[in-house]
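Notes to accompany the following structure.
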Amino acid sequence: MNIQIANIIENRSVSDQYFELVFDYSNFDSEPQPGMFFTVKIDGAFGPVLRRPFAFSGWNPKQGTASALIEKRGNGTHWLAGLASGDTLDILGPLGKAFSFPQRGVRPLLVAGGIGLGPMLFFANVLLARSNQGLCEAPLLIAGFRTQSLIPKLDFPAGTLFCTDDGSTGFKGTVLDCILSLSDALPKVIYACGPSPMLAALARYASSLALPYEASVEQWMACGIGACMGCAVPMTDGTYQRACADGPVFNGLTVDWEKLV
Amino acid sequence: MNLTVTIGSLTMKNPVGAASGTFGYGSEYEKLIDVHELGALYTKAVTPEPRGGNPVPRLAETPSGMLNSIGLANPGLSYFISNKLPELQRMGCSVIVNVAGKTQEDYCKVVETLETQTGIHGYEINISCPNVSHGGLAFGTDPGIVEKLTAQLRSIIEQGAAMRKDSCRPLIIKLSPNVTDITEIARAAEAGGAHAVSAINTLVGMVIDVKKRKPVLAMKTGGLSGPAIRPVGVAAVYKIRRAISIPVIGLGGITCTDDALQYLLAGADAIQIGTVLFSNPNAAHEIIQGIWQYMETYKINSVADIKNLLE
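Top line first, the protein sequences correspond to chains E and S.
Residue numbering for the first sequence follows the working numbering, beginning at 1 and increasing consecutively.
Residue numbering for the second sequence follows the working numbering, beginning at 1001 and increasing consecutively.
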């Protein structure tokens, strides 16, 4: 974990509201793993006072670049979307805990909702590479969006299943409806990132089948390094964990989703 | 040039401290910055028992600021002594333990226990906490209670110093701006025997989500910090300086050297930075360098002289 002023290599729109930021990662002191994130300082005289956290959506060690999929949501992300190749960013990372790898012989189900696609796409590509080396089963990625125009123009692993709320493409319904419609063998382990209601619904499903379930949660953050206790995530035992330092990937069966949603 | 600051028996190497609640117990920032450069590290609040903190969400961003309602989440006094204090002792800067509680006894218990420990250079008392014995009104809103609490804590640290055969650790009362007249509370702290006051703590604020028609924070209100509150803090320090003669530590919305100098010129002996650390962990280093350059440029020999330079 360190801070670098990193060059933007590419910053391009990939769908209606999403853009892909690719930046120089060659000077950071450790490798990003799927589930980890970085924070960006947002500039401007009266700009936001908090850095913005984004999950890594990819890492290319040969080119020395890393990427994130970002949704244009508020003032910080709109400012970021306006930057271009050659601009620089103040980046702190890599931060947080990554997804754990599935056991051999267990087909991992990766579920993404909306902008939660970023880390799941990164994880899917890492697991695909591992499966090619015989280290694990190939993953199945299910990606849900509100509508077709949000689906980013990116390379997806073969066999990725798309769902849309409005049925404009792929399966019509939620990612959970899609999982329930799968006719072949049920998943044995679930990994997910997306809106909290989706993560909560998956927790109920995983819990009912006693499946291992890892979820990457989203929470407002201040320091991003575990000092301020701002990004607390309520757990079922009544305690709080820090999304930035104890997560953002948690055992989804131990998160108190009712208190988080 | 002399950058040192004297508060009671304590000499800090420079006037720039990291504010309580923004810097944990130091170890989280060690990987990013040279913590030993700090004039002082004000720890996250320590309460007698562990506190999990408030329900979520705890944060909301506001124009040039942020609201927080962390709820003094901390691992409690025993854990602090066994796990955090040893880490703090190797930080290489003055360690000021921030103390919070629900009753007067809570504050006394924390300070009394810490008086038996080494590696602590002072106490900052958070009197913005609700006083359970007085209907939940903050300790810091009643001059009578502030003077009594300060006097009791002063007596405890006098006894502790005698026991250790050491000088008395400075007692700093952290003032809340959520009062009618902050100078009245500052006078009460001085009368009770405080070695210094720090000002200001956060201002009470609220953000409402109009679509959900409810406050964004689970606790509804939170403490506003960041550049938005800086003019309030500078004015408070200016008024306090003219009301009392003990040192004043200024904080609230400092992001850069000029901001820090505003506080010093208004009458502060030292400053703290907080919210800026979230976006720029290197801010302390930059401000220390900046103050040095300012003193060089304007031929100021001692940082303690700056408070007398306001026209």
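The C-beta atom is built at its ideal place from N, Cα and C for all residues, glycine as well.
Endpoints, the alpha helix (DSSP H) within which residue i is located
i          : result
Lys1212(S) : Taken as a continuous stretch (DSSP letters only), Lys1212(S) belongs to no alpha helix (DSSP H), as it is neither H nor E.
Met1163(S) : 1143-1164
Asn132(E)  : 117-132
Glu1190(S) : 1182-1192
Thr65(E)   : Per DSSP, Thr65(E) belongs to no alpha helix (DSSP H); it is in the beta strand (DSSP E), 65-71.
Ser13(E)   : Ser13(E) -> not in any alpha helix (DSSP H); beta strand (DSSP E) instead, spanning 2-13.
Glu1296(S) : 1283-1297
Asp993(S)  : Since the first residue shown for chain S is 1001 and the last is 1311, residue 993(S) is missing from the structure and cannot be characterised.
Tyr1238(S) : 1230-1241
Tyr205(E)  : 196-208
Gln1262(S) : 1257-1266
Ala81(E)   : 75-81
Trp257(E)  : 257-260
Phe1278(S) : 1276-1279
Glu218(E)  : Per DSSP, Glu218(E) belongs to no alpha helix (DSSP H) and is neither H nor E.
Chain S contact for residue i (CB, 7 angstroms cutoff)
i         : result
Tyr25(E)  : no
Leu211(E) : no
Pro48(E)  : yes
Ala138(E) : no
Thr169(E) : no
Met1(E)   : yes
Lys41(E)  : yes
Arg146(E) : no
Beta-carbon gap between residue i and residue j smaller than 7 angstroms
i          : j          : result
Val1146(S) : Ala1189(S) : yes
Pro1055(S) : Ala1218(S) : yes
Gly76(E)   : Arg52(E)   : yes
Asn1098(S) : Ala1138(S) : no
Ile1127(S) : Tyr1042(S) : no
Pro139(E)  : Ala124(E)  : yes
Gly1052(S) : Thr239(E)  : yes
Leu21(E)   : Glu1061(S) : no
Val1197(S) : Leu1171(S) : no
Ala55(E)   : Gly118(E)  : yes
Leu89(E)   : Val40(E)   : yes
Phe122(E)  : Gly58(E)   : yes
Trp79(E)   : Ile42(E)   : yes
Gly1252(S) : Ile1200(S) : yes
Ala112(E)  : Ala143(E)  : yes
Ala1266(S) : Tyr1238(S) : yes
Ala245(E)  : Gly226(E)  : yes
Gly980(S)  : Thr1150(S) : Outside the displayed range of chain S (1001 to 1311) lies residue 980(S), so it cannot be described from this structure.
Residue-chain proximity (residue i, chain E), Cβ-Cβ < 7 angstroms
i          : result
Lys1031(S) : yes
Met1219(S) : no
Ser1279(S) : yes
Met1295(S) : no
Met1163(S) : no
Met1091(S) : no
Ala1222(S) : One point to set straight first is that residue 1222(S) is Gly, not Ala, in the sequence displayed. By this cut-off, Gly1222(S) is not an interface position.
Glu1037(S) : no
Ile1229(S) : no
Gly1076(S) : no
Opening and closing residue of the beta strand (DSSP E) in which residue i lies
i          : result
Met1066(S) : 1065-1068
Tyr1123(S) : 1122-1126
Tyr1042(S) : 1040-1042
Thr88(E)   : 88-95
Val1248(S) : 1248-1251
Glu20(E)   : 18-24
Minimum Cβ-Cβ distance from residue i to chain C less than 7 angstroms
i          : result
Ala1260(S) : Any reference to chain C falls outside this structure, whose protein chains are E and S.
DSSP beta-bridge partners of residue i
i          : result
Ile190(E)  : Leu109(E), Tyr213(E)
Ser1302(S) : Asn1002(S)
Lys172(E)  : Thr164(E)
Arg242(E)  : Ala232(E)
Asn1074(S) : Arg1051(S)
Leu1010(S) : Ile1007(S)
Pro248(E)  : Lys97(E)
Lys1084(S) : According to DSSP, Lys1084(S) bridges with nothing at all.
Val1207(S) : DSSP lists no partner for Val1207(S).
Thr39(E)   : Pro53(E), Leu92(E)
request  = Mind checking the region 1052-1063 of chain S against chain E and listing, in chain order, the residues whose C-beta falls within less than 9 angstroms of any C-beta there?
outcome  = Gly1052, Gly1053, Asn1054, Pro1055, Val1056, Pro1057, Arg1058, Leu1059, Ala1060, Glu1061, Thr1062, Pro1063
query = When Cβ atoms are compared, which residues of the region 1201-1217 of chain S fall closer than 8 angstroms to chain E?
reply = none
query = Taking any Cβ of chain S, which residues in the region 204-237 of chain E have a Cβ under 9 angstroms from it, in chain order?
reply = Gln219, Trp220, Met221, Ala222, Cys223, Gly224, Ile225, Gly226, Ala227, Cys228, Met229, Gly230, Cys231, Ala232, Val233, Pro234
query = Going along the chain, which residues of the region 1245-1276 of chain S sit with their C-beta nearer than 7 angstroms to a C-beta in chain E?
reply = Thr1275
task = Check distances from the C-beta atoms of the region 238-256 of chain E to those of chain S and list, in chain order, the residues that come in under 9 angstroms.
result = Gly238, Thr239, Tyr240, Ala245
key: Interface positions of the region 1120-1143 of chain S facing chain E (Cβ-Cβ less than 9 angstroms), listed along the chain   = none
inquiry  = Under 9 angstroms, CB to CB, which of the residues in the region 1014-1029 of chain S have a partner in chain E?
reply    = Gly1021, Thr1022, Phe1023, Gly1024, Tyr1025, Gly1026, Ser1027, Glu1028, Tyr1029
task = Check distances from the C-beta atoms of the region 59-75 of chain E to those of chain S and list, in chain order, the residues that come in under 8 angstroms.
result = For the region 59-75 of chain E, there are no residues whose beta carbon sits under 8 angstroms from a beta carbon of chain S.
query = Given a limit of 9 angstroms on CB to CB distance, which residues of the region 170-198 of chain E reach chain S?
reply = none
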